[in-house]
């Protein structure tokens, strides 16, 4: 696809994970919006399956005409043992297998349209080598928090300084500019130091430190100011050993559905700030025992609730991360006997996908029980919705610590010592604590303040808008060799 002579062409390399694809493509849309469509963007996406599912195809079909997606053929080995392989390993291994095809595609684009810059997802840092080969600007897009990036930057030192498993470390672990956290709240990739996942994690982190032109992080200065400053002080521009880090967030999903779905019509009938929205994201699953406890906790809280994306029970929290296959057609089989009948005036259980951005923006939503995926955290902040933090996998426990202990915009649902589930009594406690009382009032006040700061960061003269505009100017007017 040829670009006009006045168009700056950049390439994006994503990974076979929908949440990552949404984040990096929403950044692309933001860039186009700020630059009056003077860019053409090609997004190269390795796949695990032949094509996106119908629910995900809607997102790709809605992209602007000057964002072109190339889906590389699936290299999924269909290994039945993949069911037990951690999400991060599946993403990284499948992406690594696709790198020869990524290189061929980038070379072809360079010859036919010319490329000015390459932006690779944080799970595809190998692609930066092709940017060097083509002599173009090369960046990592980091779809997580600055705090998680700080953990990545310090991972080698932590590996040398901490002798035990991080989850067994007796005290809190300090990171410059961040709150001190328990080692058990480090990302899943760090929780078994003898595993392949940990080895691959350390390799990724080393590549981050060697990012040629910097890292674009989906956060904003006002949200993580101290962490950003701590990293910047060690940046290459300051004679340090870190690459430049650019805060470009909050990048969240945009757009509205053409028609109002059942859940929005139901929300229209509820009082303002009265409903707890419950969702575990695009791939989170709960065990049967945990589904029972959550259902009973919601019922006993006496608060209105919207429970979306209900999936069949599974003991692996990330069981449906790569597919929609376990969305439930009939929740009767998995919910406690009589629950739907008893709560028919109190709540709505959705077996399908909910338009989360529109739900969080609805006046009736008072709080969000969330798995703390970073996309969901930012969407909650942007809409000023307080959270019940219920992390499941990946870096979600780190995010939960951030929103609970540093940002103070959430209460965290906790398991009792020796328990494998969050019991109904704890669920009632955190829901009531957030929706009622002084503590909940302070949290709601804090998240409204962050909403204002998030909106300010994305305004015309906002911190993140200025950062993106400076990068765009560089890509449009400076050649790599200049």
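Residue numbers (our numbering): 206 to 687.
Heads up, the beta-carbon is just placed ideally off N, CA and C, and yes, glycines get one too.
The structure presented is a predicted model; accordingly, all values stated were derived computationally and were not measured.
Residue i: buried (16+ other C-beta within 10 angstroms of its C-beta) or exposed?
i: residue 617; result: buried
i: residue 551; result: exposed
i: residue 530; result: The predicted position of residue 530 is uncertain, since its pLDDT is 47 and thus under 50; no value can be drawn from it.
i: residue 369; result: exposed
i: residue 650; result: exposed
i: residue 234; result: buried
i: residue 404; result: exposed
i: residue 314; result: buried
i: residue 409; result: buried
i: residue 625; result: exposed
i: residue 561; result: buried
i: residue 317; result: exposed
i: residue 600; result: buried
i: residue 309; result: exposed
i: residue 171; result: Residue coverage of the chain in this structure runs from 206 to 687, which leaves residue 171 outside it and unanswerable.
i: residue 353; result: buried
i: residue 290; result: exposed
i: residue 361; result: exposed
i: residue 622; result: exposed
i: residue 488; result: buried
i: residue 297; result: buried
i: residue 285; result: At residue 285, the pLDDT of 38 sits below 50, so the modelled position is not reliable; the number obtained from the coordinates is stated separately. Exposed, since its Cβ has fewer than 16 Cβ neighbours within 10 Å.
i: residue 365; result: exposed
i: residue 263; result: exposed
i: residue 455; result: buried
i: residue 225; result: buried
i: residue 336; result: buried
So residue i is in the beta strand (DSSP E); what residue range does that whole segment cover?
i: residue 344; result: 342-347
i: residue 324; result: 322-326
i: residue 378; result: Per DSSP, residue 378 belongs to no beta strand (DSSP E) and is neither H nor E.
i: residue 220; result: It is not in any beta strand (DSSP E) - residue 220 carries neither H nor E in the DSSP assignment.
i: residue 422; result: 420-422
Just to confirm my understanding: we take residue i, look at its own chain, exclude 5 residues before and 5 after, and list those with CB closer than 7 Å. What are they?
i: residue 639; result: 572, 591, 593, 616, 645 and 648
i: residue 350; result: 424, 429, 579, 604 and 607
i: residue 508; result: 481, 636 and 640
i: residue 385; result: 377, 378 and 379
i: residue 236; result: 244, 673 and 677
i: residue 544; result: 500 and 504
Could you pull the start and end residues of the alpha helix (DSSP H) that residue i belongs to?
i: residue 223; result: 223-239
i: residue 626; result: Taken as a continuous stretch (DSSP letters only), residue 626 belongs to no alpha helix (DSSP H), as it is neither H nor E.
i: residue 484; result: First-last for residue 484: 480-484, but that is the beta strand (DSSP E), not the alpha helix (DSSP H).
i: residue 571; result: That residue, residue 571, is in no alpha helix (DSSP H); its beta strand (DSSP E) goes 570-575.
i: residue 275; result: That residue, residue 275, is in no alpha helix (DSSP H); its beta strand (DSSP E) goes 272-276.
i: residue 336; result: 333-339
i: residue 425; result: Run containing residue 425: none; DSSP gives neither H nor E here.
i: residue 305; result: 292-317
i: residue 403; result: 401-414
i: residue 544; result: 544-547
i: residue 471; result: 467-473
i: residue 352; result: 351-366
i: residue 673; result: 668-682
i: residue 456; result: Residue 456 -> no alpha helix (DSSP H), and no H or E assigned at all.
i: residue 608; result: Careful: residue 608 lies outside any alpha helix (DSSP H) and carries neither H nor E.
i: residue 329; result: That residue, residue 329, is in no alpha helix (DSSP H); it is neither H nor E in DSSP.
i: residue 644; result: 642-662
i: residue 565; result: 561-565
Strictly by DSSP, which residues pair up with residue i?
i: residue 617; result: 594
i: residue 552; result: 510
i: residue 586; result: Answer is none; residue 586 lacks a bridge partner.
i: residue 213; result: 244
i: residue 386; result: 378
i: residue 249; result: 218 and 275
Among the residues of its own chain, which have a CB less than 8 Å from the CB of residue i, if the five just before and after it don't count?
i: residue 367; result: 374, 378 and 388
i: residue 653; result: 589
i: residue 229; result: 217, 219, 248, 324, 326, 346 and 348
i: residue 269; result: 234, 237 and 242
Going by beta carbon distance, what residues of the same chain come within less than 6 Å of residue i, once the five residues before and after it are set aside?
i: residue 575; result: 581 and 592
i: residue 602; result: 390 and 596
i: residue 406; result: 394
i: residue 276; result: 250 and 252
i: residue 371; result: 388, 391 and 395
Kindly confirm or deny that the segment 491-498 and the segment 510-520 touch, where touching means at least three C-beta pairs closer than 8 Å. yes
For the segment 604-615 and the segment 398-408, state whether three or more C-beta atom pairs, one from each stretch, are separated by less than 8 Å. no
Would you call the segment 329-343 and the segment 409-429 touching, i.e. three or more CB-CB distances under 8 Å? yes
Do three or more CB pairs link the segment 353-362 to the segment 237-249 at distances below 8 Å? no
Does the segment 674-681 come close enough to the segment 466-477 that 3 or more CB-CB pairs lie under 8 Å? no
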